[in-house]
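*Asks:* Starting off with a structure, shown below.
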Amino acid sequence: MRRRLEQIRQRWWLVLLIVAAAVLSAVPALLTAKPTYIGTSTLILASPGRNPVDDATMAVGYISLFNEPEMITRLRANRNIPEDVTFIGRTVAASPILVIEATASDPEVAQRTAANMAEAFRDDINAVRKKGNDKAILNTEKQLDVLLDHPGPDGLINPMAPVVQQRLDSLRSDSTNQLRDLQLQAGVTAITPNALFELALRCVGGLLLGVLAALGLAAMSTRIANAADLLDKTQLEPLVEVPGGGSIELNRLREDRLRTLANFVTLQDQAKSKVIALTDCRGARGARELAEALARLSAQQGYRTVLVYADNDGSQHAQGLGFNDALVNSALANGLLKDGAVDSLQVLGAGSVVADRYSLVGRDKIVAVLDELRAGADTIVVAAPSLVETIEAQSICAAADFTMVVVGSHSSRAGDVAAAVDVLADARAVLLGAVLIDGRRPPRPRGGLRRRWATVNGVEHRVNADRGELTFGQSE
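Numbering (this note's numbering), first residue to last: 83 to 558.
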């Protein structure tokens with residue numbers, strides 16, 4: 083349920099758009115709407131000597147017959163009633179009273195057509211009944227004539243003649259199942275449009291339709307919105323979901339999530355120092371930033387940590403020799419390390435500009451550089467290039483002990499994550515898990531975590547280049 087609510091919240095604009103469209107669609111109808119009128123006529127079914135309950139049951143049958151479309155069409159044609167007038171019949175509770183209602187745009191038309199339709203229905207039902215009754219009367223009269231033409235012994239009247247005469251009188255006076263007028267002009271009721279009710283109804287309908295549309299769009303979308311989406315669409319559960327920050331609360335939450343991620347690294351049981359590579363899948367731009375954060379947190383815990391910029395980023399080339407140069411001669415690796423922004427942290431920059439590193443970035447050469455660094459480090463964090471931007475990322479991730487794939491929420495798609503996982507599997511890299519970051523937030527300026535120096539009042543102090551922080555204390 084929480085995931086569904088989140089999907090709706092993320093697509094609030096779609097829900098709002100559909101609600102607005104539904105409400106606006108009611109405006110023309112309300113502006114042009116006119117009152118309608120319902121004219122009423124009543125008939126009654128009365129059968130002398132019969133239980134009223136039986137008459138009520140027969141009335142239900144009659145009204146069901148009236149509501150048949152074919153019956154209304156035939157009666158309308160017989161009385162030349164306009165097509166725009168609609169009819170419906172009903173009974174009054176459990177009584178033999180039938181109500182015929184006509185709906186029209188004019189009160190006089192509504193009352194007149196209701197009366198006409200009631201009369202037409204009455205005459206139609208009674209005509210069928212009269213036809214059957216007249217036939218029975220004719221047959222009985224013939225029987226009586228025969229009896230009168232053949233008197234009994236001694237010229238007396240046939241004893242059956244009085245019996246047949248009584249039956250004939252009963253047939254002539256029988257009104258069973260006959261419809262009669264009760265009140266043909268029973269009145270007219272005006273129905274005025276209820277604007278508030280109509281708007282509320284459209285609003286509720288639009289809201290329900292908008293919610294369904296939002297859920298449908300979420301089901302069809304392959305874009306990753308949150309951790310639940312990542313798990314549902316890729317079957318890959320994220321290690322943590324790191325928010326973008328921006329407020330005191332979000333910054334605090336971001337730091338807590340980063341520390342949780344650092345603990346995942348710490349808890350990996352390795353006989354030798356650990357090498358963790360971070361790489362972006364398509365749509366994400368956060369591997370370098372997360373690598374810097376993990377290296378900083380690892381060093382703050384007292385672990386000897388090396389941050390390696392292996393992404394060949396241009397902003398690092400101006401900082402001297404580095405990873406690219408160590409690939410040529412791995413023995414240079416430790417000598418190229420620079421002090422980081424915190425104690426226990428050393429940084430290996432990207433190094434010299436290399437337009438095409440394909441010949442340098444072989445798995446054996448990368449492993450040789452990492453082995454040199456392992457001698458003086460507990461944890462090595464590697465900022466690897468994006469898996470979708472260069473083939474070099476496969477070799478770097480394969481040389482690491484573990485790899486984390488960085489996924490951008492609202493920017494990476496399920497197919498991008500699946501492709502990254504497949505690439506790592508093909509390279510036989512060990513996937514530690516995915517890290518979900520805010521893909522809508524632009525990446526922070528890339529400055530690195532190497533230690534620089536600034537002079538304040540004639541005294542040199544260490545500067546965290548990417549955060550602008552001074553660590554007060556004279557340089558060694």
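Built from N, CA and C at the ideal position, the CB exists for glycine as well.
1. Within this structure, are the beta carbons of Leu-389 and Ala-344 separated by less than 7 Å?
2. Within 10 angstroms of its Cβ, does Lys-354 collect 16 or more other Cβ (buried), or is it exposed?
3. Inspect the beta-carbon positions of Asn-565 and Ser-426 and report whether they are closer than 7 Å.
4. Tell me the residue span of the alpha helix (DSSP H) that contains Ile-358.
5. Is the stretch 154 to 172 touching the stretch 224 to 231 in the sense that three or more CB pairs, one from each, lie closer than 8 Å?
6. Straight-line CA distance for Gly-287 to Tyr-119?
7. I'd like to check one pair, Ile-478 with Ala-466: are the Cβ atoms closer than 7 Å?
8. Going by C-alpha distance, which of Thr-271, Pro-178 and Ser-129 is nearest Ala-192?
9. Give me the Cα-Cα distance between Asp-206 and Leu-127, rounded to the nearest whole angstrom.
10. What is the DSSP secondary structure of Lys-447, counted as helix, strand or coil?
11. Using DSSP's beta-bridge definition, name the partner residues of Arg-305.
12. Is the beta carbon of Gly-521 less than 7 Å from the beta carbon of Gly-497?
13. Would you mind listing the alpha helix (DSSP H) stretches within the stretch 92 to 133 that are 4+ residues and don't spill past its ends, in chain order?
14. Tell me, please, which residues DSSP counts as bridged to Met-83.
15. If distances are taken between C-alpha atoms only, which option among Asp-483, Ala-482, Ser-494 and Asp-395 comes closest to Arg-305?
16. Would you mind sorting Glu-374 into buried or exposed? The rule is 16 or more other CB atoms within 10 Å of its CB.
17. Can you tell me which residues form a DSSP beta bridge with Met-486?
18. Select from Arg-204, Thr-114 and Val-101 the residue whose C-alpha is nearest the C-alpha of Leu-147.
19. Let me check understanding here. Comparing Cα to Cα, which of Leu-349, Gln-350 and Gly-327 lies closest to Arg-339?
20. Judging by CA-CA distance, which residue of Leu-409, Gly-422 and Glu-371 is the nearest neighbour of Ala-381?
21. Quick one: measure Cβ to Cβ for Thr-124 and Val-167, integer angstroms, because I've assumed they're closer than 8 Å.
22. Give me the Cα-Cα distance between Pro-110 and Glu-88, rounded to the nearest whole angstrom.
23. For Pro-233, report the span of its alpha helix (DSSP H) as first-last.
24. Does the beta-carbon of Met-486 have 16 or more other beta-carbons within 10 angstroms, so that it is buried, or is it exposed?
25. Taking just the CA atoms, how far does Trp-94 sit from Ser-302?
26. For Met-199, count neighbouring Cβ atoms within 10 angstroms of its own Cβ and tell me buried if that reaches 16, exposed if not.
27. Return helix, strand or coil for Asn-539, following the three-state DSSP convention.
28. Please report the straight-line C-alpha distance between Pro-164 and Gly-121, rounded to a whole angstrom.
29. Using CA coordinates, which residue listed in Asn-394, Leu-264, Pro-244 and Asp-438 is at the minimum distance from Glu-201?
30. Are there 16 or more other CB atoms within 10 angstroms of the CB of Arg-262, so buried, or fewer, so exposed?
*Replies:* A quick look at the data gives this:
1. In the sequence shown, counting from the first residue as 1, residue 389 sits at position 307. In the sequence shown, counting from the first residue as 1, residue 344 sits at position 262. In terms of Cβ geometry, Leu-389 and Ala-344 do not form a close pair [threshold 7 Å].
2. What you label residue 354 is simply residue 272 of the sequence shown in a count that begins at 1. Exposed, by the Cβ-count rule.
3. In the structure as shown, the chain begins at 83 and stops at 558. Residue 565 is therefore absent and cannot be evaluated.
4. Numbered from its first residue, the sequence shown carries residue 358 at position 276. First-last for Ile-358: 356 to 362, but that is the beta strand (DSSP E), not the alpha helix (DSSP H).
5. By the criterion of at least three beta-carbon pairs nearer than 8 Å, the stretch 224 to 231 is not in contact with the stretch 154 to 172.
6. Along the sequence shown, one-based indexing puts residue 287 at 205. Along the sequence shown, one-based indexing puts residue 119 at 37. Straight-line Cα distance between these residues: approximately 27 Å.
7. Here residue 466 corresponds to residue number 384 of the sequence shown, with the count starting at 1. Here residue 478 corresponds to residue number 396 of the sequence shown, with the count starting at 1. Contact flag set, yes.
8. Taking the first residue of the sequence shown as 1, we reach residue 192 at position 110. Per the C-alpha coordinates, the member of Thr-271, Pro-178 and Ser-129 positioned closest to Ala-192 is Thr-271.
9. In the sequence shown, the residue the question calls residue 206 occupies position 124. In the sequence shown, the residue the question calls residue 127 occupies position 45. Asp-206 and Leu-127: Cα-Cα distance of roughly 14 Å.
10. For the purposes of this step, residue 447 is taken as the residue at position 365 of the sequence shown. Three-state DSSP puts Lys-447 in a helix.
11. Along the sequence shown, read from residue 1 onward, the residue named residue 305 stands at position 223. DSSP, once it has assigned bridges, lists Arg-495 as partnering Arg-305.
12. On the sequence shown, residue 521 is found 439 positions in, with the first residue counted as 1. On the sequence shown, residue 497 is found 415 positions in, with the first residue counted as 1. Result no, Cβ atoms of Gly-521 and Gly-497 do not sit closer than 7 Å.
13. Secondary structure within the stretch 92 to 133: the alpha helix (DSSP H) runs of 4 or more consecutive residues, fully enclosed, are 94 to 114 (chain order).
14. Within the sequence shown, numbered from 1, the residue matching residue 83 stands at position 1. For Met-83, which the question treats as bridged, DSSP gives no partner whatsoever.
15. Numbered from 1 along the sequence shown, position 223 holds the residue referred to as residue 305. Of the residues Asp-483, Ala-482, Ser-494 and Asp-395, the one whose Cα lies closest to the Cα of Arg-305 is Ser-494.
16. Position 292 of the sequence shown holds residue 374. Flag for Glu-374 reads buried.
17. One-based indexing of the sequence shown puts residue 486 at position 404. In DSSP, Met-486 forms a bridge with Leu-360 and Gly-515.
18. Against the sequence shown, residue 147 aligns to sequence position 65. Closest by C-alpha distance to Leu-147, out of Arg-204, Thr-114 and Val-101, is Arg-204.
19. As a working mapping, residue 339 is identified with position 257 in the sequence shown. Nearest of Leu-349, Gln-350 and Gly-327 to Arg-339, Cα basis: Gly-327.
20. Taking the sequence shown and counting its residues from 1, the one referred to as residue 381 is at position 299. Answer by Cα proximity: Gly-422.
21. The count along the sequence shown starts at 1 and reaches residue 124 at position 42. The count along the sequence shown starts at 1 and reaches residue 167 at position 85. No, Thr-124 and Val-167 are not in contact; Cβ-Cβ is about 18 Å, not under 8 Å.
22. On the sequence shown, position 28 is the one that residue 110 refers to. On the sequence shown, position 6 is the one that residue 88 refers to. Whole-angstrom Cα-Cα distance: 34 Å.
23. Start at 1 with the first residue of the sequence shown, and residue 233 comes out as number 151. From DSSP, Pro-233 is part of no alpha helix (DSSP H); its letter is neither H nor E.
24. Residue 486 sits at position 404 when you count from the first residue of the sequence shown. Here Met-486 is buried: its Cβ has 16 or more other Cβ atoms, across all protein chains shown, within 10 Å.
25. Position 220 of the sequence shown, counted from the start, is the residue given in the question as residue 302. Position 12 of the sequence shown, counted from the start, is the residue given in the question as residue 94. Residue identity check: residue 302 is Met in the sequence provided, not Ser. Computed Cα separation, rounded: 16 Å.
26. Numbered from 1 along the sequence shown, position 117 holds the residue referred to as residue 199. So Met-199 counts as buried.
27. Taking the first residue of the sequence shown as position 1, residue 539 is located at position 457. For Asn-539, the pLDDT reaches just 42, beneath the cut-off of 50, and the residue's location in the model is therefore unreliable, leaving the point undetermined.
28. Along the sequence shown, read from residue 1 onward, the residue named residue 164 stands at position 82. Along the sequence shown, read from residue 1 onward, the residue named residue 121 stands at position 39. For Pro-164 and Gly-121, the distance between alpha carbons rounds to 14 Å.
29. Looking up residue 201 in the sequence shown gives position 119. Answer by Cα proximity: Leu-264.
30. The count along the sequence shown starts at 1 and reaches residue 262 at position 180. Arg-262 is exposed by the Cβ-count criterion.
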